[in-house]
Amino acid sequence: MSAGQRIELFVEAGRKRVFASAVDWPGWARSGKTEELAIAALADYLPRYAALVRRAGIEPPRGDLVVAGRLPGVAKLADFGALSAAAVSEDKPITSQEGHRFAALLRAAWAEFDAAATLAPDVLPKGPRGGGRDTGPIIDHVAETEAMHAAKLGIKLRKPKLAGDAATAWLRSAMLEALEAGIDAAVGASGWPPRYVVRRSGWHLLDHAWELQDKSG
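For the sequence shown, my numbering begins at 15 and goes up steadily by one.
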């Protein structure tokens with residue numbers, strides 16, 4: 015990391031698992047048993063994340079990892095392997111300039127996931143207790159979660175309802191269009207600021223993309 019520059023992190027701690035996210039870099043979030051281990055995992059994944067950022071046409075993050083905020087209390091979803099809440103710093107609008115940058119990063123994350131899903135075998139290795147989804151269920155799970163993230167930005171499928179790949183393509187396009195136009199902080203539904211929606215969406219896509227890549231050998 016380069017001294018003198020800051021990469022601001024948001025930390026969410028459950029009882030057994032902690033997540034560290036780079037708030038301005040959607041998709042770059044990792045977990046560990048402690049805050050220190052979560053930040054170390056984040057640093058370890060920088061080369062992998064940086065390759066994706068370069069493909070988006072953006073200079074990768076450089077600087078010191080600095081915890082700028084922590085979720086008060088217990089992160090309800092952390093122990094289940096998910097991000098739980100927005101950072102205080104995310105309660106502000108997304109400008110059109112920022113939206114174009116976020117859109118480029120989400121495009122790259124979608125491309126990463128789609129490529130990983132295409133190359134992955136139908137049946138994936140399972141954990142020591144037989145847990146984990148195969149490729150088809152992961153694809154379905156990601157599509158369902160993307161629809162939920164889009165809804166948090168006020169984007170819902172047009173009528174007549176689309177389905178399958180057509181629905182996913184339409185929702186992605188609508189999310190990108192909304193981001194590139196800029197989004198007011200009040201748009202988020204159910205207490206989800208748009209910046210948190212983008213951060214969580216990027217993390218979810220890359221978490222499963224990297225899972226597919228790692229399990230594909």
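Using N, Cα and C, we set each Cβ at its ideal position, and we do this for glycine too. These numbers come from a predicted model, not from an experiment.
Whole-number beta carbon distance between residue j and residue i, since they are thought to touch under 8 Å
| i | j | result |
| --- | --- | --- |
| F33 | A125 | Not really, about 24 Å apart at Cβ, beyond 8 Å. |
| I21 | A36 | 5 Å |
| R62 | W224 | 7 Å |
| T149 | A177 | Not really, about 20 Å apart at Cβ, beyond 8 Å. |
Residues bridged to residue i [DSSP beta-bridge criterion]
| i | result |
| --- | --- |
| D78 | R20 |
| S35 | F24 and A43 |
| G168 | According to DSSP, G168 bridges with nothing at all. |
Under 8 Å between C-beta atoms of residue i and residue j
| i | j | result |
| --- | --- | --- |
| L66 | R214 | no |
| A118 | I153 | no |
| L219 | V156 | yes |
| E26 | A99 | yes |
| L185 | E158 | no |
| F116 | L56 | no |
| K229 | L138 | yes |
| S45 | A54 | no |
| G196 | G113 | yes |
Under the three-state DSSP convention, the category residue i falls into
| i | result |
| --- | --- |
| E158 | helix |
| I108 | strand |
| I72 | coil |
| G196 | coil |
| R84 | strand |
| P61 | helix |
Residue i CB to nearest heavy atom of the ligand ATP below 7 Å
| i | result |
| --- | --- |
| K90 | Ligands are entirely absent from the displayed structure, and the ligand ATP is therefore not among its contents. |
Between the region 153-170 and the region 74-82, do three or more beta carbon pairs fall short of 8 Å? In short, these stretches do not touch, since the Cβ pair count stays below three.
Give a yes or no on contact between the region 89-106 and the region 210-226, applying the rule of three or more CB pairs nearer than 8 Å. Because the criterion of three Cβ pairs below 8 Å is met, the region 89-106 and the region 210-226 touch.
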